[in-house]
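Trainee:
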Amino acid sequence: MTEATITVYGADWCGNCRRAKKFLNEHHIRYAWIDTDQDKNAEEVVKQKNNGRRVIPTIVFPDGSFLAEPSNEELAEKLGIADPVN
Numbered sequence: 037m038t039e040a041t042i043t044v045y046g047a048d049w050c051g052n053c054r055r056a057k058k059f060l061n062e063h064h065i066r067y068a069w070i071d072t073d074q075d076k077n078a079e080e081v082v083k084q085k086n087n088g089r090r091v092i093p094t095i096v097f098p099d100g101s102f103l104a105e106p107s108n109e110e111l112a113e114k115l116g117i118a119d120p121v122n
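First residue of the sequence shown: 37, per the numbering used here; consecutive thereafter.
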């Protein structure tokens, strides 16, 4: 597979964003990173999904579902990872 299947909206200064990216990387999950500080359209996508609030990270899955500020455990459950690395 050559295309990312997950889109992560976040910002470099965001600790939860860095944690989520680390989790995805450790589990070899492909994703596209979109910095909401650099892309105002992306910021609008985040606000639309979160009732007008800028909640990051917002992680959008291929089926259109999303998680906002998920824990590693929530990500593991969504991705079907049985033994998450924290």
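Backbone N, C-alpha and C fix where the C-beta goes; we use that ideal spot for every residue, glycine too.
As the structure is a computational prediction, the values presented were derived from the model and not from experiment.
Taking the beta carbon of Gly46 as the centre, do at least 16 other beta carbons fall within 10 Å, making it buried, or is it exposed?
Mentor: Buried.
Trainee: Report the CB separation of Ala104 from Val91 in whole angstroms; it is logged as a contact under 8 Å.
Mentor: So it is a contact: roughly 4 Å between Cβ atoms.
Trainee: For Phe97, which three-state DSSP category applies?
Mentor: Looking at Phe97 - three-state DSSP - the assignment turns out to be coil, as it is neither helix nor strand.
Trainee: Which two residues bound the contiguous beta strand (DSSP E) that contains Val44?
Mentor: Val44 -> beta strand (DSSP E) spans Ile42 to Gly46.
Trainee: In this structure, how does DSSP classify Ala118 when only helix, strand and coil are distinguished?
Mentor: Coil, per DSSP.
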